[in-house]
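J.: What the sequence shown shows, in my numbering, is residues 545 to 916, in sequence order. We put the CB at the ideal spot given by N, CA and C, even for glycine. Note that the structure is a prediction, hence the values are computed from the model and not measured.
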Amino acid sequence: MRRLMDTKNAKEIFDPKKYEITLGTHHKSNVIWLQFAYDAKLINTLRNNTTAKWSASQKAWYLPDNQHYRRLCNLEIDFIGKEVMSKISAINMPEFLKFQNMLVLKGYSANTSRTYSIEFAQLLYLLKDFPVHHLSAEKLQSYFLYCHKELKLSENQIHSRINAIKFYYEKVLHQEKMFFDIPRPKKPLLLPKSLNTDDIKKLFEVTKNIKHRLILQLCYGMGLRVSEIVNLKISDIDSKSMQVMIQRAKGKKDRYVNLPKTVLEDLRSYYQNYRPKEYLFEGQYGGQFSIRSTQLVFKEAMKKAKINKQIGIHGLRHSYATHLLEYGTDISHIQKLMGHNDIKTTLIYAHVSDKNTAKVKSPLDFMAPKNQ
545 MRRLMDTKNA KEIFDPKKYE ITLGTHHKSN VIWLQFAYDA KLINTLRNNT TAKWSASQKA
605 WYLPDNQHYR RLCNLEIDFI GKEVMSKISA INMPEFLKFQ NMLVLKGYSA NTSRTYSIEF
665 AQLLYLLKDF PVHHLSAEKL QSYFLYCHKE LKLSENQIHS RINAIKFYYE KVLHQEKMFF
725 DIPRPKKPLL LPKSLNTDDI KKLFEVTKNI KHRLILQLCY GMGLRVSEIV NLKISDIDSK
785 SMQVMIQRAK GKKDRYVNLP KTVLEDLRSY YQNYRPKEYL FEGQYGGQFS IRSTQLVFKE
845 AMKKAKINKQ IGIHGLRHSY ATHLLEYGTD ISHIQKLMGH NDIKTTLIYA HVSDKNTAKV
905 KSPLDFMAPK NQ
């Protein structure tokens, strides 16, 4: 595959045989310490491929403690913070750790693992010192009723909490029949929110920063999720075939999307100016640009373009699918490009872009006076 830039193999750079890797703090910030015998070549490799810094006081190199570098250093990635863990009683902590270990063994994504951990922790907070594995089906039903009536959680939140607790009882405790009698609320059928083409153009026009504009252009032009745009690596882009590999997307599926020809010039100009090392869009301290920062780029562009619509950056992906349908693209092609398992998921965009329905006149219009 033709690359915009050749990158070092991360496994080679962070070979555990070369370092003693430990976690710690430096200047009140969490860091990853890299200690090793003096090696000029290794130091040069770190400087050129990471944001590693030298601490004169500690006589060691260090990296910012973030998910990117934890992953490269083969360190455990925290699903939830210490504050959440501190609220769980000592009686239920072993069960919570079993729960998290099973998520790892099942290969759940970091996002799903974090969501499940937080949802399961909510139950453990309420239980305090009562053992969670002693809860009966009736007690669980009472808890979900409490989530409905007292906490007033939405249907989607209830489903998320049920899924997390169901995972514990069925996968950790192997109680397969526990949830047969617990009803689920019906989810509302919501149509995806999208922007029209004029609004999309405004977003690009008001975004002067080439990096930020390119993020928005690729989210829309390739129909990417925000997690997919931040995970995009330079090596994923093939400017010869004009295709981009989206690796381990939702459901851990790979797929190819088409690279828009109109961004090639900006893409090359961006690379010359920013010189990213591994990820196409990188943060201040190296590694991938954060999801939060990406969302703020979209929010700021919406504000500058004076588009007053309640919509997030995921709306660019919805807009991509909607506009492809309006341009006459076959629904099966859209399904493939979007990475949908079920075509029913893709067909929902037909409700948004149905031009024939839009042409239907209201009977009220037929009653209007002829001179109007």
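Which of the three DSSP states, helix, strand or coil, is assigned to P736?
T.: If DSSP states are grouped into helix, strand and coil, P736 belongs with coil.
J.: L776 and F842 - do their beta-carbons sit closer together than 9 Å?
T.: No, they are not a contact pair.
J.: Ignore the nearest five residues each way along the sequence and tell me which others in V896's own chain have a CB closer than 7 Å to its CB.
T.: Answer for V896: L735, P736, S738, T866, listed in chain order.
J.: Y669: buried (16+ other C-beta within 10 angstroms of its C-beta) or exposed?
T.: Classification for Y669: exposed.
J.: Could I get the ranges of all uninterrupted alpha helix (DSSP H) runs contained in the region 609-682, with 4 residues as the minimum, in chain order?
T.: Runs found: 611-616, 626-630, 637-649, 654-671.
J.: For M911, is the classification buried or exposed, using 16 other Cβ atoms within 10 angstroms of its Cβ as the cut-off for buried?
T.: With fewer than 16 Cβ atoms within 10 Å of its Cβ, M911 is classed as exposed.
J.: At 4 residues or longer, what runs of the alpha helix (DSSP H) sit wholly inside the region 564-593?
T.: The region 564-593 contains these whole alpha helix (DSSP H) runs: 584-593.
J.: Quick one: give me the first and last residue of the alpha helix (DSSP H) that K755 is part of.
T.: First-last of the alpha helix (DSSP H) with K755: 754-765.
J.: From E749 to L860, what does the alpha carbon distance come to, in whole angstroms?
T.: Roughly 15 Å between the two C-alpha positions.
J.: Kindly give me the distance between the Cβ atoms of G937 and Y613, rounded to whole angstroms, as I take these residues to be in contact under 8 Å.
T.: This structure gives no information on residue 937, because the portion of the chain shown stretches from 545 to 916.
J.: Just to confirm, is the Cβ distance from P949 to E699 under 9 Å?
T.: Since the first residue of the chain shown is 545 and the last is 916, residue 949 is not available in this structure.
J.: Just the C-alpha distance for G568 and K821, rounded to the nearest angstrom, thanks.
T.: The straight-line gap from Cα to Cα measures roughly 26 Å.
J.: Could I get the ranges of all uninterrupted alpha helix (DSSP H) runs contained in the region 795-870, with 4 residues as the minimum, in chain order?
T.: With a minimum length of 4 residues, the continuous alpha helix (DSSP H) runs that stay inside the region 795-870 are 808-818, 835-848, 858-870.
J.: Between which two residues does the beta strand (DSSP E) carrying S785 extend?
T.: Careful: S785 lies outside any beta strand (DSSP E) and carries neither H nor E.
J.: Could you round the C-beta distance between E714 and V676 to whole angstroms and report it? I think they count as a contact, below 8 Å.
T.: Incorrect: roughly 14 Å between the Cβ atoms, too far for contact.
J.: Keeping to the same chain, check which residues put their C-beta closer than 6 Å to that of K631; ignore five residues upstream and five downstream.
T.: Closer than 6 Å at Cβ, skipping near neighbours: Y669.
J.: Does the region 640-652 touch the region 685-692, meaning 3 or more C-beta pairs lie closer than 8 Å?
T.: No, because fewer than three Cβ pairs between the region 685-692 and the region 640-652 fall closer than 8 Å, the two stretches do not touch.
J.: Could you tell me the alpha carbon to alpha carbon distance between E772 and Q787, rounded to whole angstroms?
T.: Cα to Cα, E772 sits roughly 15 Å from Q787.
J.: I'd like the list of long-range same chain contacts for Q839, defined as Cβ closer than 6 Å, with 5 residues on each side in sequence excluded.
T.: Once the five neighbours on either side are set aside, the close Cβ partners of Q839 are I857.
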